[in-house]
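Shown next, in structure tokens, is the structure this report addresses.
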Amino acid sequence: MTAPTLAIDDLRLGFRGWAGTVEVLHGISLHIAKGERVALVGESGSGKSVTARLVLGLVQELRGARYSGRMAFEGRDLGALSRREREALRGDRISMIFQDPTSSLNPVYTIGTLFHEVLLRGTPGIGTAEARERAVAALADVAIADPGRVLSSYAFQLSGGMNQRVLIAMALANNPALLLADEPGTALDVTVQAQTLTLMQQLVARHGTSMLFISHNLGVVREFADRVYVIYKGRIVEQGPTEALFDNPLHPYTRALMAAVPRITGEGIPEIDEEQTGFYAPLVAHPGHSEAELRP
Amino acid sequence: MKRAVFILLRNPLSVLGLALVGLVVLAAVFADYVAPFPDHKGAVVDFLNFNKAPEWPYLFGTDLVGRDILSRILFAYRISLTLGVVVLALAVPVGVTVGLIAGYIGGRTEFVLMRVTDVFLSIPPLVLAMSMMGLLEPSLTNGMMAVTVMWWPWYARLVYNLTRSEREEGYVLAAEVIGASRLHVMFREILPNCVPSILTKMTIDFGFVILIASSLSFLGLGVQPPTPDLGSMVAEGAKYLPDSWWLTVFPGLAILVVVFGFNLIGDALREILGVEQ
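Protein sequences, first through last, are from chains D and U. Quick note on the numbering used here: the first sequence kicks off at 2 and runs consecutively. Quick note on the numbering used here: the second sequence kicks off at 1246 and runs consecutively.
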């Protein structure tokens, strides 16, 4: 069996402050097999985004960050890489999509210029004409009808949904092995979000890209992911295949999370139980889906 | 571009500023042809016509050795404008680079750079320039140096603050995520977004640089005679107020016109580029 695209073992992270170290992640283990779409679900501040940033090596550069544990990308230990090697992985083998598409694009450059820079990461020395050709093809892939116009526009001249598609096209332009999506499209309205997510799903499947999908939107996760990890206050509390986890949530926190989603059918805003002691119960893995069973 | 012209023309003050600055720049550049007595820029003596009130052909009167004040003002503008350009050309890149590095890298680098900047900012600007000029010998070059030394910290401070807010923007993170180098992020991502503010400040500062340089030469620490300079002309004439008022009033007005003009353009630019104060 080949090494999983991403494997994280017992990842701990703390920030050193005046009053000692504040621990943020308390030992997280997860993995993403090749071509697999994995969701990391949790509330704000549960540590989902910081996990993605650790994988990219963005957190390690912060002063006061203390982390331990092993992160391996395609079998290579990320912790052992030099800063330069880590930078080389970013944008080429690992790419990321953020919440707000419009603010992720520098307002002073045209989409064409930005796209050229992205392509330079994967193909150093690529010329303007060739970059444009590839950009047009990539934009056509994300169902943008007139790539020429989009390439000569600035981000603020395009709609949020358009920018989101541009970002997806950019993120996949260099054929990364791993795509980290940090709440993609949360800043967009639901119809646009649905469209772009469908697009992303198709493209990821076509490119064979593995994906870590970070979200608090359970509806989206259910449609999108093969497997789900539920994270609460820096601990994984439940993991399993999407179907099983949604049909039969085992952990008290997961159950509370699902009960908290307002129904479109109108049953009022769900009441959240103040009693949260059960949330700290240890990790529950669905049968056959614990880390030990999935990873030889 | 169309929008810029529209905003500019909508505001009569902006048009006035543009007209004043345009006039001054043209007059300075073509001083050799425009000035009624081009040779009066140097050490010329004409005792037949000394200390004359404004009358034809001496529109602004003559000074104590009979030189035409209008001609000398035009040549003084030439020096003032050169000084403004040189000072900003030296001070802005230094200040901007310091601000960018301090704001983006942070940590110990930020502490050291910004504290040095604070030290410069804490000394009253004129005192700093005066003490520098006291150490060095007063000349145009040293005057430029002195003004530059007191000017760059303002740009460091401005760009530092801008960088601090820009680096939280999504596109900076996005650039870091695709593996952009620090240099790339600083100069290709953050800097272009600071340009409007820098440009606006430069325009307004241009007038103030001229003002400070004039203050220095008013104190006898800048451009040395016989080279015409607005500040030293005012200083020279001040002894003969109020009788020979033209000796001071016209050079003084000349300073006012250029500072005012650049201020108006700065405000117009702020409006066009949408920079917040």
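C-beta: ideal position from N, C-alpha, C; glycine also.
Legend entry - Local conformation of threonine 6/D per DSSP, three classes: Locating residue 6/D in the first sequence gives position 5, counting from the first residue. In the structure shown, threonine 6/D sits in coil (DSSP, three-state: anything other than H, G, I, E or B).
Inset, instruction - Would you check if the distance between the CB atom of alanine 1425/U and the CB atom of phenylalanine 99/D is smaller than 8 Å? - result: For the purposes of this step, residue 1425/U is taken as the residue at position 180 of the second sequence. For the purposes of this step, residue 99/D is taken as the residue at position 98 of the first sequence. The answer is no: Cβ separation not under 8 Å.
Legend entry - Any chain U beta carbon closer than 8 Å to glycine 46/D: Numbered from 1 along the first sequence, position 45 holds the residue referred to as residue 46/D. No, because no Cβ of chain U sits closer than 8 Å to the Cβ of glycine 46/D.
Inset, instruction - For phenylalanine 1295/U, count neighbouring C-beta atoms within 10 Å of its own C-beta (all shown protein chains included) and say buried if the count is 16 or more, exposed if not. - result: As a first step, residue 1295/U must be located in the second sequence, where it is residue number 50. Classification of phenylalanine 1295/U: exposed, given that the 10 Å Cβ count is below 16.
Legend entry - Contact set between valine 1343/U and chain D, taken where Cβ atoms lie within less than 7 Å: The sequence position of residue 1343/U within the second sequence is 98, counting from 1. Here the premise fails: no neighbours, minimum Cβ distance about 21 Å.
Inset, instruction - Pick out whichever of Gly1329/U, Val1502/U, Met1359/U and Pro1281/U has its Cα sitting closest to the Cα of leucine 1315/U. - result: Counting from 1 along the second sequence, the entry for residue 1315/U is found at position 70. Nearest C-alpha to leucine 1315/U: Pro1281/U.
Inset, instruction - Kindly indicate which residue of Gly161/D, Ala261/D and Glu244/D has the alpha-carbon position closest to the one of proline 288/D. - result: In the first sequence, residue 288/D corresponds to position 287, counting from 1. For proline 288/D, the nearest C-alpha among the options comes from Glu244/D.
Legend entry - threonine 6/D versus isoleucine 95/D - alpha carbon distance: Looking up residue 6/D in the first sequence gives position 5. Looking up residue 95/D in the first sequence gives position 94. Roughly 10 Å separates the two Cα atoms.
Inset, instruction - From the DSSP output, in three-state form, read off proline 108/D for me. - result: Within the first sequence, the letter at position 107 stands for residue 108/D. Three-state DSSP puts proline 108/D in coil, outside helix and strand.
Inset, instruction - Closer than 7 Å, Cβ to Cβ, to anything on chain U: give me those residues from the region 77-90 of chain D, in chain order. - result: Glu88 and Ala89
Inset, instruction - Verify the CB distance criterion: does leucine 205/D have a CB-CB separation below 8 Å to chain U? - result: Position 204 of the first sequence, counting from 1, holds the residue named residue 205/D. With the sequence shown as reference, residue 205/D is identified as valine, and leucine is not the correct amino acid for it. Chain U contact via Cβ: absent.
Inset, instruction - Hey, could you find the ends of the beta strand (DSSP E) serine 47/D is sitting in? - result: If you number the first sequence from 1, residue 47/D lands on position 46. No beta strand (DSSP E) contains serine 47/D, which DSSP labels as neither H nor E.
Legend entry - CB contact below 8 Å: isoleucine 1517/U versus chain D: If you number the second sequence from 1, residue 1517/U lands on position 272. Judged by the 8 Å Cβ criterion, isoleucine 1517/U is not in contact with chain D.
Inset, instruction - Using 10 angstroms around the beta-carbon of glutamate 239/D, count the other beta-carbons present and answer buried if the total reaches 16, otherwise exposed. - result: On the first sequence, position 238 is the one that residue 239/D refers to. Glutamate 239/D should be labelled buried.
Legend entry - Neighbouring residues, chain U, relative to glycine 92/D (Cβ below 7 Å): Position 91 of the first sequence, counted from the first residue, corresponds to residue 92/D. Neighbours of glycine 92/D on chain U, chain order: Val1422, Ile1423 and Gly1424.
Inset, instruction - Assess, as a yes-or-no matter, whether the region 1362-1382 of chain U is touched by the region 1302-1311 of chain U under the definition of 3 or more beta carbon pairs within less than 8 Å. - result: no
Legend entry - Minimum length 3: unbroken beta strand (DSSP E) runs contained in the region 1283-1359 of chain U: none
Legend entry - Cut-off 6 Å between Cβ atoms - residues of its own chain near valine 1343/U, not counting five sequence neighbours on either side: The sequence position of residue 1343/U within the second sequence is 98, counting from 1. Closer than 6 Å at Cβ, skipping near neighbours: Leu1358 and Ala1401.
Inset, instruction - Indicate the three-state DSSP secondary structure (helix, strand or coil) for proline 242/D in the structure shown. - result: On the first sequence, residue 242/D is found 241 positions in, with the first residue counted as 1. Here proline 242/D sits in strand by DSSP.
Legend entry - Candidates Ser216/D, Asn176/D and Ile169/D, of which the one nearest lysine 49/D by Cα: For the purposes of this step, residue 49/D is taken as the residue at position 48 of the first sequence. Out of Ser216/D, Asn176/D and Ile169/D, Ser216/D has the C-alpha closest to the C-alpha of lysine 49/D.
Inset, instruction - Could you tell me which residues DSSP puts in a beta bridge with aspartate 183/D? - result: As a position in the first sequence, residue 183/D is number 182, starting the count at 1. Bridge partners of aspartate 183/D: Ile215/D.
Inset, instruction - Label alanine 8/D either buried or exposed according to how many other C-beta atoms from any shown protein chain fall within 10 Å of its C-beta, with 16 as the threshold for buried. - result: On the first sequence, residue 8/D is found 7 positions in, with the first residue counted as 1. Buried is the call here.
Legend entry - CB contact below 8 Å: leucine 59/D versus chain U: Along the first sequence, one-based indexing puts residue 59/D at 58. Cβ-Cβ to chain U under 8 Å: yes for leucine 59/D.
Legend entry - Which of helix, strand or coil DSSP assigns to tyrosine 68/D: Here residue 68/D refers to the residue found at position 67 when the first sequence is read from its first residue. Three-state result, tyrosine 68/D: strand.
Inset, instruction - Compare the C-beta of asparagine 1438/U with all C-beta atoms of chain D and state if any pair is closer than 8 Å. - result: Locating residue 1438/U in the second sequence gives position 193, where the first residue counts as 1. Taking Cβ atoms only, chain D reaches closer than 8 Å to asparagine 1438/U, which makes this a yes.
Inset, instruction - Answer with yes or no whether the minimum CB distance from valine 191/D to chain U is below 8 Å. - result: Mapped onto the first sequence, residue 191/D falls at position 190. Chain U, which has no Cβ nearer than 8 Å to the Cβ of valine 191/D, makes this no.
Legend entry - Where the alpha helix (DSSP H) containing valine 1440/U begins and where it ends: Taking the first residue of the second sequence as 1, we reach residue 1440/U at position 195. 1436-1463 is the span of the alpha helix (DSSP H), which, as asked, contains valine 1440/U.
Legend entry - chain D residues whose Cβ lies nearer than 9 Å to that of glycine 1467/U: Residue mapping note: residue 1467/U aligns to position 222 of the second sequence, counting from 1. Residues of chain D passing the Cβ test: none, with the nearest at roughly 39 Å.
Inset, instruction - Could you check the C-alpha separation between valine 1421/U and glutamate 1434/U for me, to the nearest Å? - result: Start at 1 with the first residue of the second sequence, and residue 1421/U comes out as number 176. Start at 1 with the first residue of the second sequence, and residue 1434/U comes out as number 189. As written in the sequence, residue 1421/U is glutamate, which differs from the valine given in the question. Going from the Cα of glutamate 1421/U to the Cα of glutamate 1434/U covers about 10 Å.
Inset, instruction - Give me whichever residues DSSP pairs with threonine 22/D in a beta bridge. - result: Taking the first residue of the first sequence as position 1, residue 22/D is located at position 21. In DSSP, threonine 22/D forms a bridge with Arg17/D.
Legend entry - Cut-off 7 Å between Cβ atoms - residues of its own chain near tyrosine 1405/U, not counting five sequence neighbours on either side: For the purposes of this step, residue 1405/U is identified with residue 160 of the second sequence, where counting begins at 1. Same-chain partners within the cutoff: Gly1344, Ala1347, Gly1348 and Met1359.
Inset, instruction - Could you tell me the boundaries of the beta strand (DSSP E) in which isoleucine 98/D lies? - result: The sequence position of residue 98/D within the first sequence is 97, counting from 1. Isoleucine 98/D -> beta strand (DSSP E) spans 95-98.
Legend entry - Cβ-based burial, arginine 1248/U [other Cβ within 10 Å; buried from 16]: As a position in the second sequence, residue 1248/U is number 3, starting the count at 1. Arginine 1248/U is exposed by the Cβ-count criterion.
Legend entry - Under 8 Å between C-beta atoms of glycine 1236/U and threonine 1493/U: In the structure displayed, chain U extends from 1246 to 1522; residue 1236/U sits before or after that span and is not available.
Inset, instruction - Say whether chain U places a C-beta atom closer than 8 Å to the C-beta of asparagine 107/D. - result: Stepping through the first sequence from its first residue, residue 107/D is reached at position 106. Answer yes: the Cβ-Cβ gap between asparagine 107/D and chain U drops below 8 Å somewhere.
Legend entry - Spatially closest choice to tyrosine 1322/U from Thr1408/U, Arg1353/U, Ser1459/U and Met1431/U, by CA coordinates: The residue labelled residue 1322/U in the question sits at position 77 within the second sequence. Here the closest residue by C-alpha is Ser1459/U.
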